[in-house]
Amino acid sequence: MPEQQWSLDTQAVALGRPAHSAGAPVNEPVTLTSTYHADGDGDGGVGYARVGNPTWTAFETAVGGLEGGEALAFASGLASIAAVLAHVPHGGVVVAPHHAYSGTTGLLADLAATGAVQVRAVDLTDVAVVRAALAAEPAADLLIAESPTNPMLEVADLHVVIDAAHAVGALVMVDNTFATPLLQRPLTDGADVVIHSATKYLSGHSDVILGVAVTPPTDAGRALRAQLHVHRTSRGAIPGPMEVWLALRGLRTLAVRVERSGTNAAALADRLRQHPAVSRVRYPGWGSIVAIEITGGAESTAGRGDDARGVEAAEAVCAATRLWIHSTSLGGVESQIERRRRHTAEVVSVPANLLRLSVGIEALEDLWRDLSDALDASQSTR
Ligand SMILES: *Cc1c(COP(=O)(O)O)cnc(C)c1O
1018 MPEQQWSLDT QAVALGRPAH SAGAPVNEPV TLTSTYHADG DGDGGVGYAR
1068 VGNPTWTAFE TAVGGLEGGE ALAFASGLAS IAAVLAHVPH GGVVVAPHHA
1118 YSGTTGLLAD LAATGAVQVR AVDLTDVAVV RAALAAEPAA DLLIAESPTN
1168 PMLEVADLHV VIDAAHAVGA LVMVDNTFAT PLLQRPLTDG ADVVIHSATK
1218 YLSGHSDVIL GVAVTPPTDA GRALRAQLHV HRTSRGAIPG PMEVWLALRG
1268 LRTLAVRVER SGTNAAALAD RLRQHPAVSR VRYPGWGSIV AIEITGGAES
1318 TAGRGDDARG VEAAEAVCAA TRLWIHSTSL GGVESQIERR RRHTAEVVSV
1368 PANLLRLSVG IEALEDLWRD LSDALDASQS TR
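Position in the sequence shown (first residue = 1) + 1017 = the working numbering.
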């Protein structure tokens, strides 16, 4: 049975391993080397380890298989995004979601400030707005889609926005960090490149920073991948082999982690909708991230997101949990909670009383008890 016919759950376990032969190790070793023995004419082989490393190749084989393309590992998720943005012609137009990972919006703002790109920020869920932004003169060169968006959990109709971008000749990069290839495979919707912060679900244990870019197995995809490879090598945007090995080890359990954390998240979203301290729950119905807005208690003005009491109460929730870890980042086995607007870089249309929950794989009842106790306390301690 060809590997491509294995289910994705199986591919996460089986791809990127050494060949099955007597005496071979079952895992790709960590190759710690800066250079390789010369191979004669100097043109063949990898030569120097900024160009390639067998541990990277094993990870790239596994992630590429899961996304249905060919992968390149990068030093971080942001390094992979920067590599794609370097592909935009100088002064070119990038259409991007106005709610997106704050590192992405920050990088776009930096590039726009120097004139390297022009940015048109859109609500990706509003197809008419996306179409207009893509088609306005001069037409867009790149559409960045992030879906669900961080931290507002807006879900784009990827197939539709990708087609709209292609209609004006723009490339499409999809940040698939939140969904993982088990829940969404943007290359099958026509995306030109998928990137991940492998720091999050792919590695899954909050112990590495790593990125990956995946291009389709077509001539155009291979040409883009070659350019991204040149960028990775010449800018030195390379990961350490140990980080990549850890990510590959973490990837082996992706299916069980995504399933368990997703089940936990769905159950928590339901219960949170009933909790009096929570004025709004954002949850797309799948995945492991839930965003909630916290009320400021009986005296607060209902529905006012920036209500100072709501912010105070949201901070109190983060301070009171004992199991949920108050930290930035997401996608680990451990549940994490954060008020996103504590970062000045977060977009101001994200409500100040919004908490992003990255639901982990702990027992549901322990997560609920810890969170609901903290929510209750947040309403009474002032
Ligand atoms: C964390 C994150 C990134 C950035 O990845 P790093 O590995 O931290 O560089 C990009 N996109 C999304 C959606 C993220 O959550």
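In this text, a Cβ means the ideal position worked out from N, Cα and C, and glycines have one as well. Predicted, not measured: the structure shown is a model, and the values here were computed from it.
Contact between the segment 1255-1265 and the segment 1059-1077 (3+ Cβ pairs under 8 Å): As far as the Cβ criterion goes, the segment 1255-1265 touches the segment 1059-1077, which means the pair count is three or higher.
Look at Thr1131 and Val1364 and say whether their C-beta atoms are less than 8 Å apart. no
Taking the DSSP output, what are the residues bridged to His1343? Ile1354
Can you give me the Cβ contacts of His1343 inside the same chain, cut-off strictly under 8 Å, excluding the 5 residues immediately before and after it? Cys1335, Ala1336, Gln1353, Ile1354 and Glu1355
By how many angstroms is the C-alpha of Met1169 removed from the C-alpha of Ala1400? Outside the displayed span of the chain (1018 to 1399) sits residue 1400, for which this structure offers no information.
Measuring alpha carbon to alpha carbon, tell me which residue in Ala1272, His1054, Glu1087 and Arg1137 is nearest Ala1208. Glu1087
Chain-order list of residues whose beta-carbon lies under 6 Å from that of Arg1290 (same chain, five-residue window excluded): Val1298
How about Glu1163: is its Cβ closer than 7 Å to a heavy atom in ligand 1? yes
Closer than 7 Å: is that where the CB of Thr1194 sits relative to any heavy atom of ligand 1? yes
So, helix, strand or coil for Phe1091, using DSSP? For Phe1091, the three-state secondary structure derived from DSSP is strand.
Do Arg1277 and Gly1221 have their C-beta atoms closer together than 8 Å? no
State buried or exposed for Ala1240, treating a residue as buried only when at least 16 other CB atoms are found within 10 Å of its CB. Exposed is the call here.
Indicate, with yes or no, if ligand 1 has a heavy atom lying under 7 Å from the CB of Ser1375. no
Distance, Thr1048 Cα to Ile1179 Cα: Going from the Cα of Ile1179 to the Cα of Thr1048 covers about 38 Å.
Whole-angstrom distance between His1183 and Trp1341, CA atom to CA atom: Their Cα atoms are separated by approximately 42 Å.
Output needed for Thr974: all residues of its chain with C-beta closer than 8 Å, excluding positions within five of it in sequence on either side, in chain order. As displayed, the chain neither begins before 1018 nor continues past 1399, which places residue 974 out of reach and without an answer.
Assign Pro1256 to one of two classes, buried (16 or more other C-beta atoms within 10 Å of its C-beta) or exposed (fewer than that). buried
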